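Residue numbers for the sequence shown follow my numbering, so the first one is -3 and each next one is one higher. Heads up, the beta-carbon is just placed ideally off N, CA and C, and yes, glycines get one too. Treat the numbers as computed from the prediction; the structure is a model and nothing was measured. Since the structure comes first, as structure tokens, the remarks are kept for the end.
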Amino acid sequence: MADEIQDDGPPPPRQPSRPTGSATKSTNATPSTTGPKPTTALDRGSKPNPSANTSNPGSGGVQQPKPQALPKRTGPASIIVSPRQKGNPILNHVKSLPWEYGDIPADYLLGLTTCCLFLSLKYHRLHPEYIYTRIKALQGKYNLRLILCMVDITNHEESLKELSKTSLINQVTLILCWSAAEGGRYLELFKTYENASPAAIRQHQSTAYSDRLVDFVTTPRAVNKTDAVALVSQFGTLRTAVNARYEDVATIAGWGDKKVKGWCRSVREPFRIQRAAGRKGIGMKEREETLMSLSQPVSREGTLSRGVTREEGVQ
């Protein structure tokens, strides 16, 4: 029986069994380093924020830029000239400011809201419909519209009267010039004072009674401030000074005959202006009688007061 047992050689090698899922994780795991692994935005499943403030990581949140006021809108620094004005001699006299050609509806652009049209009376007499077409094309585009009119003809009264009426109807300002140098100076002035304040041409109204009294008394050209103070000091009140006689006014120191006549004429002439025909009918004799009447005493009964006109007060 021992003979029947055959030696088949060494036993086959034992195949290792396939590890389970838990074993795979434990065998494939890498050794852990000290400290937790830093997580990134990709690990959290979110995209990085490009607007995050990386320059100052210690800040609590995103810092938004502060709003800034926009600068005041200004027009071009130079005068914009339409190509249709090439060859105009006015351009040779625009020297203090730069100018350049540009595609604009007007002839000259002097600011954001100011434009100018150039018109020669000699051309206007040949083509009277030209200026009306140009004005119509500028309606509603600029706040200040100018017509720079070159007076280059002798008989210009009727043409200027027609242009003045047209300017009033269409709300256009008419500027007259008699030479190319004067026209160029007007263009420079309007461009220079583009952003100027109106305070320079605004009348200053005095608030004090004494200042307003002096302004009223100095209305006649011959009377100055010193004369106004002397007049009020002499008579005490303005009412008394207005109704004073010629002889009484002549006693003021520094008041000559011409100044006294000018004052009496100013305070006694009627408010209503006579018509031109009536003024022409007055001869030298009537004028002498008017001057002589200034020296006559004035009745104190008809003093000026509220509700009484100057004509009624003098009578």
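Count the other CB atoms within 10 Å of the CB of residue i; is the residue buried (16 or more) or exposed (fewer)?
i, result
"R80", "exposed"
"G179", "buried"
"S317", "The first residue shown for the chain is -3 and the last is 311, placing residue 317 beyond what the model contains."
"V58", "exposed"
"W259", "buried"
"R141", "buried"
"D223", "buried"
Along the chain, where does the beta strand (DSSP E) containing residue i start, and where does it finish?
i, result
"W338", "Since the first and last residues shown for the chain are -3 and 311, residue 338 lies out of range."
"V77", "I75 to V77"
"T110", "T110 to S116"
Taking only heavy atoms of the ligand NAD into account, decide whether any of them is closer than 6 Å to the Cβ of residue i.
i, result
"K161", "Inclusion of the ligand NAD in the displayed structure is not the case, the ligand content being empty and no account of it being possible."
Going by C-alpha to C-alpha distance, which of the options sits closest to residue i?
i, options, result
"D148", "I131, A224, A133 and H120", "H120"
"A315", "C111, F212 and A177", "No statement about residue 315 is possible, as the shown extent of the chain runs from -3 to 311 and does not include it."
"K254", "R264, A218 and I143", "A218"
"A226", "S163, G250 and L144", "G250"
"A89", "Y182, G136 and C112", "Here residue 89 is His; the residue named in the question, Ala, does not match the sequence. Checking every option, the nearest Cα to that of H89 belongs to Y182."
"N139", "E154, T109 and T150", "T109"
"A73", "P85, D223, P94 and L87", "P94"
"N220", "G252, A240, L122 and D244", "G252"
"W174", "R241, G98, H152 and R198", "H152"
"I248", "V228, P266, R261 and T233", "V228"
"D244", "Q230, V210 and R235", "Q230"
"L261", "L117, P216 and S202", "Residue 261 is actually Arg in this sequence, not Leu. When each option's Cα is compared against that of R261, the closest is P216."
"L134", "L159, L105, E184 and P124", "L105"
"N166", "S202, R198, Y128 and H200", "Y128"
With residue i as the anchor, note down where its alpha helix (DSSP H) starts and where it stops.
i, result
"I131", "Y126 to A133"
"T214", "Counting along the chain, T214 falls outside any alpha helix (DSSP H), and DSSP gives it neither H nor E."
"T169", "T169 -> not in any alpha helix (DSSP H); beta strand (DSSP E) instead, spanning T169 to C173."
"S163", "E153 to N166"
"Y242", "Y242 to A246"
"D148", "Taken as a continuous stretch (DSSP letters only), D148 belongs to no alpha helix (DSSP H), as it is neither H nor E."
"W259", "D253 to R264"
Go ahead and pull the three-state DSSP assignment for residue i.
i, result
"I143", "strand"
"S229", "helix"
"T236", "helix"
"L106", "coil"
"T188", "helix"
"K221", "helix"
"A204", "coil"
"G123", "The question names Gly, yet the displayed sequence has His at residue 123. Three-state DSSP puts H123 in coil, outside helix and strand."
"Q199", "coil"
Could you check how far apart the C-beta atoms of residue i and residue j are, in whole angstroms? I think they sit under 8 Å.
i, j, result
"K187", "G107", "7 Å"
"V256", "V238", "Actually they do not touch by this definition, with Cβ atoms about 13 Å apart."
"L113", "L164", "No, L113 and L164 are not in contact; Cβ-Cβ is about 16 Å, not under 8 Å."
"A176", "I86", "5 Å"
"E117", "S155", "A small fix is needed here, since residue 117 is Leu in this sequence, not Glu. That belief holds up - the Cβ atoms of L117 and S155 are roughly 5 Å apart, short of 8 Å."
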